[in-house]
Amino acid sequence: MVELILASGSPRRHAFLVGASVPHRVRPTGADETVLPGERPEAYALRLAGEKAELAWKGRSPGDPAWVLTADTVVEADGRVLDKPGSAGEAVETLRALSGRGHRVHTAWALRGEAGLVEHEVCTAEVVFGELSDKAIAGYVATGDPLDKAGAYGIQGPAGRFVERVEGAYSAVVGLPIERVFERLVALGIVSVQSPVEHSVRVVRARIAAAESGNGLAIGAVRLVGVSKRQAASTVEAGVAAGLTDLGENYVQAWQERVARFPASVRWHLIGHLQRNKVRLLDERVALIHGVDGVRTVEALARLGRSQGRLVRYLAQVNVGDEGSKAGLAPEALGEFLAAVDGLEGVRLEGLMAVPPPSVQAGARRWFSLLRRLRDAHRSAEVPLHVLSMGMSGDYEAAIAEGATHVRVGSALFGSRTP
Numbered sequence: 037m038v039e040l041i042l043a044s045g046s047p048r049r050h051a052f053l054v055g056a057s058v059p060h061r062v063r064p065t066g067a068d069e070t071v072l073p074g075e076r077p078e079a080y081a082l083r084l085a086g087e088k089a090e091l092a093w094k095g096r097s098p099g100d101p102a103w104v105l106t107a108d109t110v111v112e113a114d115g116r117v118l119d120k121p122g123s124a125g126e127a128v129e130t131l132r133a134l135s136g137r138g139h140r141v142h143t144a145w146a147l148r149g150e151a152g153l154v155e156h157e158v159c160t161a162e163v164v165f166g167e168l169s170d171k172a173i174a175g176y177v178a179t180g181d182p183l184d185k186a187g188a189y190g191i192q193g194p195a196g197r198f199v200e201r202v203e204g205a206y207s208a209v210v211g212l213p214i215e216r217v218f219e220r221l222v223a224l225g226i227v228s229v230q231s232p233v234e235h236s237v238r239v240v241r242a243r244i245a246a247a248e249s250g251n252g253l254a255i256g257a258v259r260l261v262g263v264s265k266r267q268a269a270s271t272v273e274a275g276v277a278a279g280l281t282d283l284g285e286n287y288v289q290a291w292q293e294r295v296a297r298f299p300a301s302v303r304w305h306l307i308g309h310l311q312r313n314k315v316r317l318l319d320e321r322v323a324l325i326h327g328v329d330g331v332r333t334v335e336a337l338a339r340l341g342r343s344q345g346r347l348v349r350y351l352a353q354v355n356v357g358d359e360g361s362k363a364g365l366a367p368e369a370l371g372e373f374l375a376a377v378d379g380l381e382g383v384r385l386e387g388l389m390a391v392p393p394p395s396v397q398a399g400a401r402r403w404f405s406l407l408r409r410l411r412d413a414h415r416s417a418e419v420p421l422h423v424l425s426m427g428m429s430g431d432y433e434a435a436i437a438e439g440a441t442h443v444r445v446g447s448a449l450f451g452s453r454t455p
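Numbering (this note's numbering), first residue to last: 37 to 455.
Set out below in structure tokens:
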């Protein structure tokens with residue numbers, strides 16, 4: 037298996053490669069980061085990435101990997117490069133300057149091999165902040181998070197709440213356009229994949245790993261549930277072959293049709309709203325039921341658990357957006373529900389689940405934050421509610437930033453569903 041030198045000390049870039057299962061050695065390489073007279077920010081980023089690749093290549097020792105990967109991220113506002121702040125005061129001023137407006141993030145990357153620079157390009161995204169209060173800025177700066185980041189913020193952490201929208205590759209704003217980088221590593225034969233689904237699985241795992249790293253979590257802490265709803269069996273099988281260990285189906289009948297053809301090691305999740313009359317069809321092969329919002333349904337699950345001599349694990353579904361088209365408890369009804377199911381034998385309430393209103397990465401955070409705050413308000417030593425199932429293909433990184441323990445990803449892994 038081919039190994040790389042990652043000539044960067046960024047924890048997020050390292051996490052991207054770990055998540056994508058790209059073997060590498062971390063060897064940070066410095067360069068003169070002075071902006072040249074008249075140099076555009078994107079050209080500056082591109083030059084730095086190339087220079088660092090060359091320096092890292094020259095610093096190789098016998099037996100070192102034959103490929104060097106570097107990247108450099110530059111934040112631009114009004115044509116000016118925003119450096120890492122030198123103090124808390126500088127961080128405050130930078131964030132005030134970004135408040136209520138857009139700026140650009142340029143991440144350049146370079147790949148150096150025996151033949152020289154074989155890849156050298158820049159990926160640009162537009163990031164728009166909402167209006168930031170002095171209190172919000174001060175609270176963020178007090179965490180110390182902005183002090184080692186270009187532009188005084190990291191989108192993958194608490195500052196992601198400041199962002200209204202991102203136009204362009206979200207991963208480039210984090211620090212490495214992993215979709216493009218992985219595509220080129222595969223095309224060059226540096227990385228081998230057995231199927232398009234494996235390619236997608238590794239990219240999604242890379243993005244999850246970077247989100248975990250950016251929020252103080254161990255890589256692998258968040259459980260990836262592959263949503264197999266209306267996907268061809270061969271497509272889902274390719275996902276399992278690529279390392280997916282958890283699969284989710286919306287309907288009990290669909291789960292019944294799937295379960296027999298997959299290894300017993302697969303953990304199955306029912307992620308759709310569970311109807312009480314379907315409870316009797318379940319068995320121990322369902323590891324976790326995500327969509328429960330009725331006391332009588334929980335009572336039926338408790339009877340099932342007692343009859344089968346086991347604990348049925350489930351989540352309470354909360355309708356965080358109060359949408360009439362969706363199932364789930366109203367946020368204000370959660371306390372009453374928890375009191376009603378307290379003490380039932382044969383079941384165990386593990387946490388909460390939500391399907392928020394349609395929104396992009398940044399916009400979804402308010403709903404994920406609401407579910408986390410509901411969990412924090414209602415948890416106890418006896419019922420810790422340690423599971424938060426939230427985040428799908430378009431917003432799972434935002435969900436992880438707000439505390440998701442399980443993300444439910446379908447199209448980003450398997451492609452579009454069959455009609």
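Ideal Cβ placement from N, Cα and C applies to all residues, glycine included. Remember, it's a predicted structure, so these values are computed and weren't measured experimentally.
Counting only runs of 3 or more residues that sit fully inside the segment 328-382, the beta strand (DSSP E) segments are 348-353, in chain order. Taking 8 Å as the cut-off, the Cβ atoms of Gly387 and Ser425 count as close. Ranked by Cα distance from Val163, the options Leu105, Tyr206, Pro299 and Phe218 are led by Tyr206. Secondary-structure assignment with DSSP links Trp304 through a beta bridge to Leu283 and Val322. Within the same chain, Val356 come within 6 Å of Leu406 by CB-CB distance, once the 5 residues on both sides are set aside. Per DSSP, Trp145 is one residue of the beta strand (DSSP E) stretching across Gly138 to Gly149.
Distance between Glu372 and Val328, taken at the CA atoms: about 14 Å. The alpha carbon of Arg148 has as its nearest neighbour, out of Arg140, Glu157 and Ala174, the alpha carbon of Glu157. Residue range Asp170 to Ala178 is occupied by the alpha helix (DSSP H) that includes Asp170. Burial check for Ala390: the Cβ neighbour count within 10 Å reaches 16 or more, so the residue is buried. Along the length of the segment 180-241, whole alpha helix (DSSP H) runs at least 4 residues long occupy 206-210 and 214-223, reported in chain order. Around the beta carbon of Thr70, a 10 Å sphere encloses fewer than 16 other beta carbons of the protein chains shown; the residue is thus reported as exposed. Here DSSP, grouped into helix, strand and coil, assigns Leu421 to coil.
Separation of Val154 and Ala146 (C-alpha to C-alpha, rounded to the nearest whole angstrom) is 8 Å. With respect to the 8 Å criterion, Ala144 and Ala85 are classified as neighbours on the basis of their beta carbons. Of the residues Leu449, Thr106, Val322 and Asp282, the one whose Cα lies closest to the Cα of Leu91 is Thr106. The beta carbon of Val38 is closer than 6 Å to those of Ile226 in its chain, skipping five residues each way along the sequence. Looking only at Glu167, Trp304, Ala79 and Leu385, the smallest Cα-Cα distance to Ala352 is reached by Leu385.
Only residues of its own chain outside the window of five on either side were considered, and among them Met37 and Glu39 have a CB closer than 6 Å to the CB of Pro59, listed in chain order.
In this structure the segment 45-56 does not touch the segment 72-80; the number of beta carbon pairs closer than 8 Å is below three. Between the segment 235-247 and the segment 181-188 there are fewer than three inter-stretch CB-CB distances shorter than 8 Å, so the stretches are not counted as touching. When Cβ pairs closer than 8 Å are counted between the two stretches, the segment 211-231 is seen not to touch the segment 420-435, the count staying below three. For the set Trp291, Leu118, Gln311 and Leu134, the Cα lying nearest the Cα of Ser264 is the one of Trp291. By the Cβ neighbour-count rule, Leu365 is buried, with 16 or more other Cβ atoms within 10 Å of its own. In this structure the segment 313-328 touches the segment 281-297; the number of beta carbon pairs closer than 8 Å is three or more.
Excluding sequence positions up to five before and after Val209, its CB lies within less than 7 Å of the CB of Val141, Ala161, Val163, Ile191 and Val202, all in the same chain and listed in chain order.
In its chain, beyond the 5 residues on either side, Glu167 have a beta carbon closer than 6 Å to the beta carbon of Gly136. Contact between Gly382 and Leu347 holds: CB atoms are separated by about 7 Å, below the 8 Å threshold.
Going by DSSP, Val288 is part of the alpha helix (DSSP H) stretching over Val288 to Val295.
The DSSP-derived three-state label of Ala113 is strand.
When Ala51, Arg116, Gln344 and Pro64 are compared, the shortest CA-CA separation from Ala43 is found for Pro64. Here DSSP, grouped into helix, strand and coil, assigns Val272 to helix.
Within the model, the alpha-carbon separation for Pro393 versus Arg294 is close to 29 Å.
The continuous alpha helix (DSSP H) containing Arg48 extends over residues Pro47 to Gly55. Secondary structure note for Val62: its beta strand (DSSP E) is the uninterrupted segment His60 to Val62.
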